[in-house]
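Trainee: Quick one: structure below, then a few questions.
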Amino acid sequence: MKKLFFTTKTIIVLFLNLMIFLSCKTEASKKETAKEEEPIEKIVADSVRIAKVVKPQFKSLEGIADSTFVRLADYSDGFAYDLRYATDNNFLKEQVYECGECYTRVKTVKALLKANEEFKKHGVKIKFYDCYRPNSVQYKMWKIVPNPQYVANPVKGSIHNKGGAVDITLVTLEGEEVKMPTDFDFFGKRAYHDNFDLPQEILDNRKLLKETMEKYGFWSTRTEWWHYNLQGASNDPIANFKWNCE
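Residue numbering for the sequence shown follows my numbering, beginning at 4 and increasing consecutively.
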């Protein structure tokens, strides 16, 4: 009987030891599995981070004739837009574009890209109010306001109709408005370049806009601080190219 009791006790001890061993092995297995899965989670996380920083691919201007009309947003995402004539927030109080797009000739785009790089060094960038304007839209505008003081006669055309004019302002790189003399399309002395009865901050902003644009081949209009024409663009033909809104 004593030998049987010892054997039973031994079996119990062995059983308990076996259970402890199996439990430890299970925990170790779980830890090992977790370690094996960890790199996968990191890879997934890294993949997500990589996807977020992938830069958009833009078209190249290489080999395109300077006279060709192109969409500016296809060549850079460094600009801002507030295309007023695609809304009724303009001096006409009517929407005259079906949709807002900034198209212009390649030579104008090249100059704008260079000017914008210069502006970025000062912590600002170009925001567009208007770019190329089809001649048919010029006729719409003339019908609403048939006054050459405010709207160019569509028969002669505007430099906007030739793809060589832009209406612009400056915003910070985060998109915050930079203070300028007036809102867009304000027709009065306050909008004149030779009006210096303005706060110094506004004078400095207007000066930065004017001097930088002139540096890259644009010239200003005395009565409109926002309007710039590319040098020589007045010699280009009037165009009626229309972009697709779909």
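For every residue, glycine included, the Cβ atom is placed at its ideal position computed from N, Cα and C.
Which residue comes first and which comes last in the beta strand (DSSP E) that contains alanine 168?
Mentor: Looking at the DSSP string, the run of the beta strand (DSSP E) that includes alanine 168 is 168-175.
Trainee: Between Ser63, Met183 and Lys130, which has its C-alpha nearest glutamine 203's C-alpha?
Mentor: For glutamine 203, the nearest C-alpha among the options comes from Met183.
Trainee: When burial is assigned at 16 or more other CB atoms within 10 Å of the CB, is arginine 87 buried or exposed?
Mentor: It is buried - the Cβ of arginine 87 has at least 16 other Cβ atoms within 10 Å.
Trainee: Report the rounded CA-to-CA distance for asparagine 232 versus alanine 242, giving the unit in angstroms.
Mentor: For asparagine 232 and alanine 242, the distance between alpha carbons rounds to 16 angstroms.
Trainee: Quick check on the DSSP output: the alpha helix (DSSP H) that includes valine 112 runs from which residue to which?
Mentor: Start and end: 109-123.
Trainee: Quick one: using the 10 Å Cβ neighbour count with 16 as the cut-off for buried, is glutamate 40 buried or exposed?
Mentor: Low local confidence applies: a pLDDT of 47 at glutamate 40 is under 50, so the model's placement there is unreliable, with the coordinate-based value given in what follows. Counting Cβ neighbours within 10 Å, glutamate 40 comes out exposed, since fewer than 16 surround it.
Trainee: Leaving out five residues before and five after lysine 62 in sequence, what residues of the same chain have Cβ atoms less than 7 angstroms from its Cβ?
Mentor: These residues qualify, in order along the chain: Asp77 and Tyr78.
Trainee: Under 8 angstroms, do proline 240 and lysine 159 count as touching if we go by C-beta distance?
Mentor: No, Cβ-Cβ distance for proline 240 and lysine 159 is not below 8 angstroms.
Trainee: Under the rule that 16 or more other beta-carbon atoms within 10 Å means buried, what is glutamine 141, buried or exposed?
Mentor: Answer is buried; the Cβ neighbour count reaches 16.
Trainee: Leaving out five residues on either side along the sequence, give the residues of the same chain with a beta carbon under 6 angstroms from the beta carbon of serine 237.
Mentor: Closer than 6 angstroms at Cβ, skipping near neighbours: Ile162.
Trainee: Unbroken alpha helix (DSSP H) runs of length 4 or more, entirely within the stretch 185-229: which are they?
Mentor: Complete alpha helix (DSSP H) runs here, min 4: 203-218.
Trainee: Quick check: what's the CA-CA separation for tryptophan 145 versus valine 169?
Mentor: Rounded to whole angstroms, tryptophan 145 to valine 169 spans 19 angstroms at the Cα level.
Trainee: Between the alpha carbons of lysine 245 and proline 137, how many angstroms are there, rounded?
Mentor: Using only the alpha carbons, I get a separation of about 6 angstroms.
Trainee: So, do the stretch 66-85 and the stretch 102-119 have three or more beta carbon pairs nearer to each other than 8 angstroms?
Mentor: Contact between the stretch 66-85 and the stretch 102-119 is present, because at least three Cβ pairs lie under 8 angstroms.
Trainee: Which same chain residues, not among the five before or five after tyrosine 153, have their C-beta less than 8 angstroms away from its C-beta?
Mentor: Closer than 8 angstroms at Cβ, skipping near neighbours: Phe94 and Phe190.
Trainee: When you compare only the Cα positions, how much space is there between aspartate 200 and alanine 68?
Mentor: Each residue's alpha carbon lies about 43 angstroms from the other.
Trainee: Helix, strand or coil: how does DSSP classify leucine 7 here?
Mentor: Low local confidence applies: a pLDDT of 45 at leucine 7 is under 50, so the model's placement there is unreliable, with the coordinate-based value given in what follows. Leucine 7: helix per DSSP, three-state reduction.
Trainee: Starting from the C-beta of arginine 193, find all residues in its chain whose C-beta is less than 7 angstroms away, skip the five residues before and the five after it, and write them out in chain order.
Mentor: Correct list, in chain order: Pro184 and Thr185.
Trainee: Judging by CA-CA distance, which residue of Thr215, Asn208, Asn247 and Gly235 is the nearest neighbour of arginine 108?
Mentor: Among Thr215, Asn208, Asn247 and Gly235, the Cα nearest to that of arginine 108 is on Gly235.
Trainee: What whole-angstrom Cβ distance do tyrosine 100 and cysteine 134 have, given they're in contact under 8 angstroms?
Mentor: Contact doesn't hold; Cβ gap of about 10 angstroms is too wide.
Trainee: In this structure, does DSSP put arginine 74 in helix, strand or coil?
Mentor: Reduced to three states, the DSSP call for arginine 74 is strand.
Trainee: Note down the Cα distance separating alanine 48 from proline 59, rounded to an integer number of angstroms.
Mentor: Because alanine 48 carries a pLDDT of 44, less than 50, the predicted location of this residue cannot be relied on, and the following value inherits that uncertainty. About 21 angstroms.
Trainee: State the beta-bridge partners of valine 127 as determined by DSSP.
Mentor: Beta-bridge pairing links valine 127 to Thr175.
Trainee: Can you check DSSP and say which residues form a bridge with leucine 233?
Mentor: DSSP lists Phe221 as partners of leucine 233.
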